[in-house]
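Worksheet for the structure shown next.
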Amino acid sequence: MAEIQDINALADRIPDGAHLALPPEYSFVPMQLVRCLIRRQARELRILCVPLGGLAVDMLIGAGCVAEIEAAAVSLGENGLAPRFTDAVLSHRVSMKDSTCPALHTALQAAEKGVPFMPLGGIIGSDIAANRPDWRIVDDPMGQGNGRILLIPAIRPDFAILHSPLADRNGNVWIGRRRELVTMAHAAKQTLVTVESFTDTDLLADEKTAAGTLPALYVTALAEAVGGARPLALTGCYERDDGAIAAYAQVARTDAGFADYLARTVGAHAPEAAE
Amino acid sequence: MAEIQDINALADRIPDGAHLALPPEYSFVPMQLVRCLIRRQARELRILCVPLGGLAVDMLIGAGCVAEIEAAAVSLGENGLAPRFTDAVLSHRVSMKDSTCPALHTALQAAEKGVPFMPLGGIIGSDIAANRPDWRIVDDPMGQGNGRILLIPAIRPDFAILHSPLADRNGNVWIGRRRELVTMAHAAKQTLVTVESFTDTDLLADEKTAAGTLPALYVTALAEAVGGARPLALTGCYERDDGAIAAYAQVARTDAGFADYLARTVGAHAPEAAE
Amino acid sequence: MTCKPEEFQISVLAGLLNQPHINHVAVGAASPIPGAAALLAQQLGGGRLDVTIIHGNANNAFTDGGRELFDCAGQGRIDAFFLGGVQIDGQANINLVGTGTYPDLERRFPGSFGSAYMYFTVPHVILFRPEHSRRVFVEKVDFISAPGISPPDVHRPGGPKSLMTELCLMAFDGARGRFRLVSVHPGHSLEEILDNTGFSFDIPDSVPETQAPSEAVLVQLRSVIAPEIAKTYPGFASRVFAITPEIREFEENVR
Amino acid sequence: MTCKPEEFQISVLAGLLNQPHINHVAVGAASPIPGAAALLAQQLGGGRLDVTIIHGNANNAFTDGGRELFDCAGQGRIDAFFLGGVQIDGQANINLVGTGTYPDLERRFPGSFGSAYMYFTVPHVILFRPEHSRRVFVEKVDFISAPGISPPDVHRPGGPKSLMTELCLMAFDGARGRFRLVSVHPGHSLEEILDNTGFSFDIPDSVPETQAPSEAVLVQLRSVIAPEIAKTYPGFASRVFAITPEIREFEENVR
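As they're listed, the protein sequences go chains A, B, C and D.
Numbering of the first sequence is given in the working numbering, commencing with residue 785 and proceeding in unit increments.
Numbering of the second sequence is given in the working numbering, commencing with residue 785 and proceeding in unit increments.
Numbering of the third sequence is given in the working numbering, commencing with residue 2 and proceeding in unit increments.
Numbering of the fourth sequence is given in the working numbering, commencing with residue 2 and proceeding in unit increments.
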C-alpha cells in the first residue's frame, strides 16, 4: 500500500549512495524533492537521467550530492550549458557515463521485463559504445547473418522519483502520455512521487483516467508539493519560468554565485552543502 | 493520412495470404470485419493471436480462410473449447504454432523497437520451445554467467486489425489501457480499425484522452461498424453475449451446424466458404 | 455449517496464500476459485495482501496492457500465482496443450497460455486441479507446457510449491523434484489418493486431515467475498453463492 | 523582399524535405529552424508530409513516451531527421560531447542525445550547423557521438544525406564517405567555404548558387508557419518573425 507522508520524510527514504532515476527536464521533475535532498546534504548519489538531465541534476551536482551521472545529455535547454555539470565533469569531480537516449530507454525496458539485457540497433562505431565496458557488441546471436548488434544491460535503479499534477488517495498517479515514467517506475525498486494535489476520485475507476495512470502497486510513498516542479514546467499546471532558469544559468557559472543561489532558493544549509 | 472508408473496402485491403494480428477475445475484436473477410472468402490467412484466440479465429478457420495460426491458446473462454480450431488442428488442416503469452508480446515489442530479436526469461525446457525452430536458446551473450536464455525473433505482421469504441476524424483511435494494441499497431506494417463511432473532437487535444490514444500515424484506414465487436464485449459499450457464444459453441461442433451458423449470421456466401 | 466443495477449496487455497513472503498474488483468466481464494486471503489478512485478477477491470490495477502481468512477474513483484493442467506429472511438469504425440495429438486443448513463463518467475506457484484421476495425474505428461524443475544454468526464481485437488493437498520439493502428501480432505483416504494418482509421491508417517473452513470464515466468504468475485465471475458467483444479477447490479452501482 | 538568414535556411531545408520518399519528418528538441522547415515543407506539399516535433505537444502526435521517437525510427516510419554537431568531420562523423581527449576533455557539451541511434535508422538525415568554421568542420572529430558511415556487417538503413551551413549546401556520398559541394549561398564564395572547412570535399566543375525563397514562399512562411512554430518556440518566433505573445495566445485559443 502506497504511503502518503510529508515531503521531508519522503526525501529521508533516499539514503546516501542511492541510485536515483530522474525524469527529463521538460516536465514531471520533482524539484521540491530535489531541494529537500540538497537541504539534508545527501551524498554520493548516482543519478540516472531518463534520458536527459537539466536544472535538477545541475543543482544536485553543485551542492555536492552526486558521485556519478548517466545521461544522454545534460543541459539547461534553451538556456545553454548546465554550468555545475560542465565544471564538475571537466574537473572529474563526478563520474560521467555518457549514453544515448534510446540506450537508456532500452536499459529500463530490460529491467521492466526482468531480462538481463536487451538489444538495440545502431550506435556501433560511436565512441559512446567504445567507452562503455558494461555494454556488449556481439555477432547476431540468432545466427541469421544480421551482423553485429549492441546489447544493453538492464538498469534497475534504487529509486525513481517524479512530480505529477495528481494522485488519488490510493496512491495511483496521473502520468498522461509520459509513458517513459511508467517504464522508469516498473524498472526501479522503489518509486517516490510528489504531487500538486490529491483527489478523492479513484483514477482507475474511469477508463479515461486509468489509461494515463501509474498504479499504486508500483508506488512506495507520496507527498504533496504545491508548485513541486517549479521553476520547471508541469504539463497542464504551469509553464517553465524562463527568467528564473536564465538567471540560474548566469549566476551558477561561479562557485560563489551558485552558493548564493542555493542559500536564497534552497535554504540555510546550502552553503555548506556546496563544499 | 488515415483514410475513412466503408467496412467492405477496408476488408478488401487484406489480400489472401496476409499475416494478420488479432486482439484477444475479451474486447476490441473486430468481429464485423472478420465477417466481411469470411463473406469475401479470404484464403490462406496467417493469424497471429495477441496472445489468445477465440470466436473470431474459430469462425475464420471454420470458413476455410486460415492456413496458419500462432497463439498461446485458442478457446471460447467460459464456453469451452473452440470447436473449429480443435477439429482443424487435430486433422492438420491448419498449421498451429504453439506459443506462450509473453513470447507473443515480446516478438511484437522486438518489431516495435526495430530489433531482430528480444530475450525472454523462463520457457526453456518446455515443449513449446522444443517445437519452435525459429526460437533460439543461447548461453548468456553478455558473458556474465547468467546461464542460458531464450531469444524470440521479431514478428512484423502485415496487418493489425481491431475494433475500438471511438476514433476522431483524423484517424486517432481510442485504446484506453489496452496498450498491447498499441504495440501490435507499432509492430504491424498496416493497421486497419473499425469503430463504433467517429467524434469531431481531436483525441490528442486533451491530455486525458491523448494518454489512451493510438495516433493516426500508425493507422492506415478506418471504417464505422456499429456493434462491430458483437457478440463479443466492447469495453464501455456492451457486454459479451454469453447466450450467443454458448449457442455457437454448441452448433459449431459439427460441419453442418457450423455451415448453418455461417449462413445465418454471416450471409449467403458462407456455406461455400466452409469447404 | 455445511460447506460446498468450492467453498472448501477456496478456503484451503486462501490458507496457502497466508504466508509472510506473499505480498502480491495474481490470478489468471477463467479462475474463479483461485480468484475468490485470493480475495478471501486478502480479507483475512486485513488487506495486507495485494490481489490482481487479470479478468475484467474489478480488482485489476494494471494499465500497461496484456504484457504487464508478465513484466510484473519478471520484476519479482508477483509472489503467488495459480496454474492448472490437463495433465500434471510427478515432476510437476504441466500440460495444457493436448494428449498424444505432439503435433499428432489425440485430444487438443486451448494451449499453454502464460504458464511457461509464470512457472519460472513466480516464487509460489500453486497448482490447482480439482479432478484427481489417473487421467490427469500421470507418470509423464505428453507435452510439457511448463517444466516443474530446471537445470542450474537456467535462471529460475519461481516454481511450484503446492498442488491442490478435490482429494488432497500436496507440497512440491523442487530440489528433489517430487511431491509430498500434506493432508487429505475430510471424507477421503490415502488409498483413494493412491488409486487415482499415476505418479509416485512421498507419504509421511502421519498424514493429517485438511482443515475445513471455520464458520467465521464461511460467513466472510459468503457475505464479503461472494459479491466481490461476482464482479469478475457472475456465473460462478450465481451458481456457488446464489449471488443474483440484482445484487451484482447493486454492487456495481455503489463501488 | 529581403529575407533573414533564418528564413533563407528554413526555405532551403524545406526544399530538402520535398522528395517523394520523405513522408514523415521528425524534429528533435531545441530545433526551431528545422521545425519551421518541416512545417513549411508540409505546407508547400499540400499536407502530404507528416511532421512530428518532439518538443511540447504542438505538432506532436506521440503518446507512447520518450521512446516512441526511437521506436518509430526503428520501425522505418521516420524518413527524415535533423542532427547538428559541435564538430563534424569529412566522413560525417558528428561530435556532441566535447573537445579534447575523452574523458579528459577541454570543453564539455551536453552530450550525444539520440544521435547515435537516429543516424543509423533514418534514411535522410540532414546535418544542420549554421556556423561554418574550421572549429566546427574538422579533419577528424575528437569524439564520435555518431559515425557517418558503417562497415557492411552493421545493419544501417539510415545515414547522412545533406549538410546545410550558413555558407553552403553539401551532399554526402555514403559509399565514398565524402561530402560534395552542391550549392553556395548568395553572397558567399567557394573560396570562403574552402577557407573555413577543415576537411577535404568534392567540388564539381560548376557550382550553382543556392536558390533563395520566392516571395510566395516567404509570405507563407511568415503568415502560416510563423504562428505555428510559435506554439513550440515562442522565443524564436518572436525574434525572427516578431510573433508576439498576444498572437500566440490568440492562436492557442483558436486551435
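Every residue gets a Cβ at the ideal spot worked out from N, C-alpha and C, and that includes glycine.
Neighbourhood of C/Ala117 in chain B, by CB distance below 7 Å: Thr884, Gly906, Ile907, Ser910 and Ile912, in chain order. Rounded to whole angstroms, A/Arg963 and D/Thr64 show a C-alpha spacing of 8 Å.
At a cut-off of 8 Å between beta carbons, A/His970 contacts chain C. In terms of beta-carbon proximity, C/Thr211 stays away from the interface with chain A, with every pair separated by 8 Å or more.
Distance from the CA atom of C/Ile194 to the CA atom of C/His133, rounded to whole angstroms, is 8 Å. DSSP places A/Gln974 within a strand segment (E or B) once states are collapsed to three. For A/Asp871, the enclosing alpha helix (DSSP H) covers residues Pro867 to Leu874. For B/Phe901, the enclosing beta strand (DSSP E) stretches over residues Phe901 to Leu904.
Using a CB distance below 7 Å, the part of the segment 41-73 of chain D facing chain A consists of Thr64, Asp65, Gly66, Gly67, Arg68 and Phe71, ordered along the chain. In the structure shown, B/Asp1044 adopts helical secondary structure according to DSSP, grouped into three states. In this structure the segment 954-961 of chain B lies against the segment 983-1002 of chain B, because at least three pairs of beta carbons, one per stretch, are closer than 8 Å. By the neighbour-count definition (other C-beta atoms within 10 Å, threshold 16), B/Lys897 is a buried residue. Proximity of B/Gly1051 to chain C, defined by a Cβ-Cβ separation below 8 Å, is not satisfied. Judged by their CB atoms, D/Leu97 and D/Pro111 are nearer to each other than the 8 Å cut-off. Between the alpha carbons of C/Asp196 and C/Pro131 lies a distance of about 16 Å. Going by C-alpha positions, B/Leu1016 is about 40 Å away from A/Ala944. Less than 8 Å divides the Cβ of B/Leu965 from the Cβ of B/Leu946. Contact of A/Lys992 with chain C is not assigned, every C-beta pair being separated by 8 Å or more. Scanning chain A for C-beta atoms nearer than 9 Å to the C-beta of D/Gly236 yields Glu862 and Asp1026, reported in chain order. Measuring C-alpha to C-alpha distances from B/Ile853 to each of B/Arg797, B/Leu836 and B/Pro867 identifies B/Leu836 as the nearest. For D/Cys4, there is no enclosing beta strand (DSSP E), as DSSP gives it neither H nor E. Rounded to whole angstroms, the gap between the alpha carbons of A/Gly929 and A/Arg920 is 18 Å. Cα atoms of D/Gly57 and B/Thr993: separation of roughly 17 Å, rounded to the nearest angstrom. Per DSSP, B/Gly1027 lies in no beta strand (DSSP E) segment; the continuous alpha helix (DSSP H) that holds it begins and ends at Asp1026 to Val1035. Residue-level contact check: D/Gly75 touches chain B, since one or more beta carbons of chain B fall below 8 Å from its beta carbon.
Listed along chain B are Pro925, each with a C-beta nearer than 8 Å to that of A/Val922. Between the C-alpha atoms of C/Asn61 and B/Leu832 there is a straight-line separation of about 26 Å.
Chain A has a Cβ within less than 8 Å of the Cβ of B/Thr1019.
Less than 8 Å divides the Cβ of B/Leu892 from the Cβ of B/Ile939. The distance from the Cβ of A/Ala805 to that of A/Pro941 is about 4 Å, consistent with a contact at the 8 Å cut-off. Judged by DSSP secondary structure, C/Glu107 falls within the beta strand (DSSP E) whose first and last residues are Asp105 to Arg109.
Per the C-alpha coordinates, the member of C/Asp105, C/Asp143, C/Leu168 and C/Gln43 positioned closest to C/Leu17 is C/Gln43. Within the model, the alpha-carbon separation for C/Ser163 versus C/Pro148 is close to 15 Å. Nearest CB-CB separation between C/Gly112 and chain B: below the 8 Å threshold. For D/Gly99, there is no enclosing alpha helix (DSSP H); the residue is found in the beta strand (DSSP E) stretching over Gly99 to Thr102. If you draw a straight line from the Cα of C/Gly75 to the Cα of B/Asn792, it is about 42 Å long.
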